[in-house]
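Protein chains in written order, with my numbering: chain H, 1 to 211; chain F, 1 to 211; chain E, 1 to 211; chain S, 1 to 211.
There are 4 protein chains.
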Amino acid sequence: MASEAQRSDTAEPRRGRPRSEASHQAVLDATTRLLRVSSYEELTVEAIASEAGVSKQTIYRWWKSKAAVVLEVMLTGDAEIELVPMPSTGDLRADCLTWIRGMLVEAFRETHVGMARSLVVAGLQGDPGTERLLQQASMWDHGLLAERLREAERAGELREGVDIAAAASAIGDPLIFRMLTGSAPSLSWSESLVDVVVTGLMRPGAGTSLN
Amino acid sequence: MASEAQRSDTAEPRRGRPRSEASHQAVLDATTRLLRVSSYEELTVEAIASEAGVSKQTIYRWWKSKAAVVLEVMLTGDAEIELVPMPSTGDLRADCLTWIRGMLVEAFRETHVGMARSLVVAGLQGDPGTERLLQQASMWDHGLLAERLREAERAGELREGVDIAAAASAIGDPLIFRMLTGSAPSLSWSESLVDVVVTGLMRPGAGTSLN
Amino acid sequence: MASEAQRSDTAEPRRGRPRSEASHQAVLDATTRLLRVSSYEELTVEAIASEAGVSKQTIYRWWKSKAAVVLEVMLTGDAEIELVPMPSTGDLRADCLTWIRGMLVEAFRETHVGMARSLVVAGLQGDPGTERLLQQASMWDHGLLAERLREAERAGELREGVDIAAAASAIGDPLIFRMLTGSAPSLSWSESLVDVVVTGLMRPGAGTSLN
Amino acid sequence: MASEAQRSDTAEPRRGRPRSEASHQAVLDATTRLLRVSSYEELTVEAIASEAGVSKQTIYRWWKSKAAVVLEVMLTGDAEIELVPMPSTGDLRADCLTWIRGMLVEAFRETHVGMARSLVVAGLQGDPGTERLLQQASMWDHGLLAERLREAERAGELREGVDIAAAASAIGDPLIFRMLTGSAPSLSWSESLVDVVVTGLMRPGAGTSLN
DNA sequence: TGATAAGCGAGACGGTACGTCTAGTCTTAAA
DNA sequence: TTTAAGACTAGACGTACCGTCTCGCTTATCA
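Structural data, given as structure tokens:
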């Protein structure tokens, strides 16, 4: 990964020609561009090099595999998976429903599906290093969702002792999974998903059920 | 997929030498065997052919790619992903907790993780045909879980109008997802996941909360 | 070769379905037809079978290899390499010159060149059986040429003790060789070839030199 | 052919890693070695690569087919077809007879026969490029023979206007042809061949006939 | 100001696997 | 028993990428 070579924050001035930041960025850009039109499997290091106007050696000097390049693209947000904003009106159930309706439209766009697949395949290449990165992938954090849940927790709306991360996964992971298989769920399925989890989270009596 | 060529149920007598069922099965067996010790990436068609004592041509005659072979292995249950049995004691919450504790032990064995990864990678190869198969994969059905939920529904324990499939996904998909990334969740995380969803499913007052 | 299986002239009635002479001939015809438009290398047994409306097994039942089929086509004259007639006016030198001028036109047609090449390549496949056939190939006999020389010998025009076959080869082989390499010799080269050999053959004083 | 890529005598400095001359030579050597024990048909590109310690791609990078490799081996004399020396005692007839007696022994050795066959088969693969090379093959020049004939011509021993190349072919081509078919001619046949042609070449009265 | 040390694009290298092709054999049902 | 059909094993084909290794060149720091 690139970071390894840059970790010399204020260290010795590194003799020799310094790393070309232009080349570095060109590789990431080229990869992003290519992933928009091809799957991880179809993507080749040679194509990245050619598209970036960079030599293969330069890629291998800074990344140890194609998976590493793809993961850096993903994890540094170069591919910018546009997230739907999470509203905060005070009504947790309503906010989550608004959010998931937006996700159904946004997350199942072809480009995003392809990106998510690339990320997963790259992460599953069997290399322990990339695997670790996959686990950290911010994409799986369901960050905005978890944040909104924590807000509700602070407002005392939730039952005590529930695991916020687990609850966020209960809503977010099924969404991601259907994204990977390319089959967008129906609106009612999604709403029911949110309803069940939110109901299970909230203090009895607080808020209102969907039905 | 193999089934294409056999669809002539009662049709014309099929001239020429018939397909060798022995070879067909040998390929599936060999693939299963190899997948136990290597990842999808490491698996090669040549190795399958050699292990099965079959010529490469025979593989390509009946399957159009390595992904197709792997998917057939998975989807026909040749790889037999052993599921943890789902108890049915009458207490839905307790049954689900028992089940998920078993899954934490069983599903995160190295072999199962490898199989699940192979299935996903094979399904994400960008081919529309294999993609369709991935969506149908029985593995994602969370079959036993959904069945138990339906049983509770028939017993009138659940709130009305909830989508059983969505609820099963809320518990099952996070589990599969962590299986893919190779990071087994903690027991408390898993229990909280079950608790939230089951609570959200059940009629208020029915059953008891974990806390 | 086909002859092996036919030797039962008036023998036992041969049980079972009799050999299809039609298939036999169809194979030879198809081969001839295909060789007119493709080289020996490009010719495939499957193409012969398909063109002849015959199964591959039928071919292998009667011939032991592709080379054997091609050689039978050649050697039984099915491919009928049209020979230029050899005149016999009494003037050996003039007759030979007339003949070679005709050969320059006739033998270097694309079809004949292709056939000769196929014959040679088939014969050189390293199989002793086909090799023997190549040696016997009537094509190399320079039959008409040798016959005319013998006529001159009987007429007492030739020096004594010369080997007619060797002399025929001295004229014929260079012609065949240039046929194989696809480079037709010039008229003057050919005439000089004939002139030198005929001069060397004839009794001093008999006939007249070209120059 | 390899020469194509090297033609930049004094041209641009050739960027990138230069061609490995070691690999080039290793391929030619390996091919020569393999051809000594196997026919052209039996020779495979994979075997050449393996024997040369070179990758298949390197072979295909510089030669477009197996035929091209074999032809380069032949035409650059790497296979060194040992020629029998041509004496020059002043007596043309005697010299040619000495030469052909040597050829009968030397040229029909198994190795030479195999090489000649490989050269011919390689040249007859139907590719215009290799065909052209076949025509130029120095082997067919009958170089030493033609040279000796020209010496006699300069000495004024020959009739005027005869084509030396044609005469050399009249002796050399029949020899090559029998080499290809693997049937060594008899001594008397060979001597008669030489006698007829030399007699036809020489000025009447010069030299003496065999009989 | 030169020597030394990387980094760079280009592209050849040894490998490995791909998916296709053909040879020649084997197994059906029909004739 | 032979036929046409067609599946079978075996193995070479030529291509595509992989990840490594020179080249000649450029761009830096250090002496």
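Where a beta carbon is used, it is the ideal one built from N, C-alpha and C, also for glycine.
Do you know how far the Cα of residue j is from the Cα of residue i?
i: S/S188; j: E/I164; result: 12 angstroms
i: H/L71; j: H/L119; result: 6 angstroms
i: S/H112; j: S/E42; result: 17 angstroms
i: H/P204; j: F/T199; result: 10 angstroms
i: E/V37; j: E/T31; result: 10 angstroms
i: E/D95; j: E/P85; result: 10 angstroms
i: H/V196; j: H/L97; result: 11 angstroms
i: S/A26; j: S/G182; result: 30 angstroms
i: S/E190; j: S/F177; result: The question names Glu, yet the displayed sequence has Ser at residue 190 of chain S. If I take the Cα positions, the gap works out to 13 angstroms.
i: S/R101; j: S/P87; result: 12 angstroms
i: S/D29; j: S/G123; result: 19 angstroms
i: F/R14; j: H/A166; result: 56 angstroms
i: S/G114; j: E/G143; result: 28 angstroms
i: H/A5; j: H/S65; result: In this prediction, H/A5 scores a pLDDT of 41, lower than 50, which makes its location untrustworthy; no coordinate-derived value is stated.
i: H/M35; j: H/T58; result: In the sequence under discussion, the amino acid at residue 35 of chain H is Leu, which differs from the Met named in the question. So the alpha carbons of these two residues sit roughly 20 angstroms apart.
i: E/T44; j: S/G16; result: 42 angstroms
i: E/S186; j: E/E110; result: 17 angstroms
i: F/S23; j: F/V73; result: 14 angstroms
i: H/G90; j: F/T89; result: 39 angstroms
i: E/E160; j: E/E147; result: 17 angstroms
i: H/E106; j: F/R132; result: 22 angstroms
i: S/E151; j: S/F108; result: 27 angstroms
i: E/E153; j: S/A155; result: 33 angstroms
Reducing DSSP to helix, strand and coil, say where residue i ends up.
i: F/M103; result: helix
i: E/M74; result: helix
i: F/M86; result: coil
i: S/L219; result: Absent from the model: residue 219 of chain S. The displayed extent of chain S is 1 to 211, so no value can be given.
i: S/S192; result: helix
i: E/V69; result: helix
i: F/A167; result: helix
i: S/H142; result: coil
i: S/R19; result: coil
i: E/P185; result: coil
i: S/Q125; result: coil
i: S/F108; result: coil
i: S/K56; result: helix
i: S/W62; result: helix
i: H/D91; result: coil
i: S/R14; result: coil
i: S/V120; result: helix
i: H/S38; result: coil
What are the residues that DSSP puts in a beta bridge with residue i?
i: H/L158; result: H/M202
Under 8 angstroms, do residue i and residue j count as touching if we go by C-beta distance?
i: H/L75; j: H/R117; result: no
i: E/V162; j: E/L193; result: no
i: E/L145; j: E/G172; result: yes
i: E/E21; j: E/L92; result: no
i: E/S169; j: S/P174; result: yes
i: F/E51; j: F/R33; result: yes
i: S/V54; j: S/W63; result: no
i: S/A67; j: S/Q125; result: yes
i: F/Y40; j: F/V121; result: yes
i: F/A184; j: F/L83; result: no
Selection of the segment 189-201 of chain F by Cβ proximity to chain H, strictly under 8 angstroms
The segment 189-201 of chain F vs chain H, Cβ under 8 angstroms: W189, S190, S192, L193, D195, V196, V197, V198, T199, G200, L201.
What residues from the segment 143-166 of chain E come within 8 angstroms of chain S, judged by C-beta to C-beta, listed N to C?
In summary, the residues of the segment 143-166 of chain E whose CB is separated from some CB of chain S by less than 8 angstroms are R159, E160, G161, V162, D163, A165, A166, in the order they occur in the chain.
Interfacial residues, the segment 106-130 of chain E to chain S, with Cβ spacing under 8 angstroms
The segment 106-130 of chain E vs chain S, Cβ under 8 angstroms: R117, V120, V121, G123, L124, Q125, G126.
Could you run through the segment 68-97 of chain E and flag, in chain order, every residue whose CB is less than 8 angstroms away from some CB of chain S?
For the segment 68-97 of chain E, which is checked against every Cβ of chain S, not one residue is closer than 8 angstroms.
Determine which residues of the segment 35-58 of chain H have a Cβ less than 7 angstroms from any Cβ of chain F, and write them out in chain order.
From the segment 35-58 of chain H, only S39, E41, E42 have a Cβ closer than 7 angstroms to chain F.
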